[in-house]
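Peer 1: Residue numbers (this note's numbering): 3 to 283. Where a beta carbon is used, it is the ideal one built from N, C-alpha and C, also for glycine. Fair warning: this is a prediction, and the values are worked out from it, not measured in the lab. Have a look at the structure that comes next, please.
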Ligand code: PGA
């Protein structure tokens, strides 16, 4: 496949922790993806790095891409317990890394400044960073979405040059929608589109028109089979970061298929054409 236009990125978090669960996931996934043909979407699996090699050996053909859920901001050295982005890429075959996830910010005190350093090192190590940004519940209540998202973008991308911005995948993931699994706790497609426009505006002002158009923006937070059409396709996002639903292989495959089949830009063009035609006649 040529360079992917869209992304279905599975964040397994700290799940599938024993042999039975892992084998069960592999067996179901192989069955589920038997007829899967993605034309423009990359399906990226991000398991915990301690068993990334198990995934590498399962998916040698290259139809599936691999990523990690975090990496350190230095390539190598005396940093006990950390993951080197260089090793993740060269030894384990990872091509992506999720950075700045709200769970790491919350439980491990990760800051925008740390995320910025990690993005810089990841890019140097040829890992595409999937950078999570989004407001929490309290910030949402106080109407701070714009302020929070712009501050995170400014800080997290502070070390990314014009030449590399298109390698970064930005994930708008409102913290209050993560693992919520309830329609009341999901942003509407209009709200998601609003966040996307805000991110595009930031890119336009800081990186120029081409980057604003080409940098990928995906959505994360309780994406599942039932809502993927609305929160990803109808919102015009370039894909999704999928947490709990990725533990259900058939659902994950269905979500990736839906992302692949919907072409927001094409639909927008034909919608505009239709309304123009109606005005003329
Ligand atoms: P969720 O997780 O799909 O379970 O909400 C998404 C994430 O945290 O990346």
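1. Determine the burial state of residue 108: buried for a count of at least 16 other Cβ atoms within 10 Å of its Cβ, exposed for fewer.
2. Considering only the beta carbon of each residue, do residue 292 and residue 46 sit closer than 8 Å?
3. Could you tell me whether the region 167-182 touches the region 214-226, where touching means 3 or more Cβ pairs closer than 8 Å?
4. Classify residue 47 as helix, strand or coil using the three-state DSSP reduction.
5. Compute the minimum distance between the beta carbon of residue 69 and the heavy atoms of ligand 1, and state whether it is under 7 Å.
6. Which residue spans inside the region 89-161 form an unbroken beta strand (DSSP E) run of at least 3?
7. Please report whether the beta-carbon of residue 138 lies at a distance below 8 Å from any beta-carbon of chain C.
8. What is the residue span of the beta strand (DSSP E) that residue 302 lies within?
9. Does DSSP put residue 33 in a helix, in a strand, or in coil?
10. To which residues of the same chain is residue 252 closer than 6 Å at the C-beta, ignoring the five residues directly before and after it?
11. Within a Cβ cutoff of 7 Å, which residues of the same chain sit near residue 236, ignoring the five residues on either side of it in sequence?
12. Whose CA, out of 74, 91, 90 and 32, lies closest to the CA of residue 65?
13. Mapping DSSP to helix, strand and coil, what is residue 166?
14. Can you list, in chain order, the residues of its chain with a C-beta nearer than 8 Å to that of residue 258? Leave out the 5 residues immediately preceding and following it.
Peer 2: The relevant details are as follows:
1. Within the chain shown, numbered from 1, the residue matching residue 108 stands at position 106. By the neighbour-count rule (16 or more Cβ atoms within 10 Å), residue 108 is not buried but exposed.
2. Outside the modelled stretch of the chain, which goes from 3 to 283, sits residue 292, for which no answer is possible.
3. yes
4. Your numbering for residue 47 matches position 45 in the chain shown. Looking at residue 47 - three-state DSSP - the assignment turns out to be strand.
5. As a working mapping, residue 69 is identified with position 67 in the chain shown. False, no ligand heavy atom lies under 7 Å from that Cβ.
6. 98-101 and 130-135
7. Included in the structure is just one protein chain, with no chain C present.
8. Because residue 302 is not part of the residues shown, which for the chain are 3 to 283, the question remains open.
9. Reading the chain shown from its first residue, position 31 is the one you call residue 33. Looking at residue 33 - three-state DSSP - the assignment turns out to be helix.
10. The count along the chain shown starts at 1 and reaches residue 252 at position 250. 34, listed in sequence order.
11. Start at 1 with the first residue of the chain shown, and residue 236 comes out as number 234. Here the set comprises 191.
12. Taking the first residue of the chain shown as position 1, residue 65 is located at position 63. Of the candidates 74, 91, 90 and 32, the one whose C-alpha sits nearest the C-alpha of residue 65 is 32.
13. Numbered from its first residue, the chain shown carries residue 166 at position 164. Reduced to three states, the DSSP call for residue 166 is coil.
14. Here residue 258 refers to the residue found at position 256 of the chain shown. 10, 38, 40, 43 and 45, listed in sequence order.
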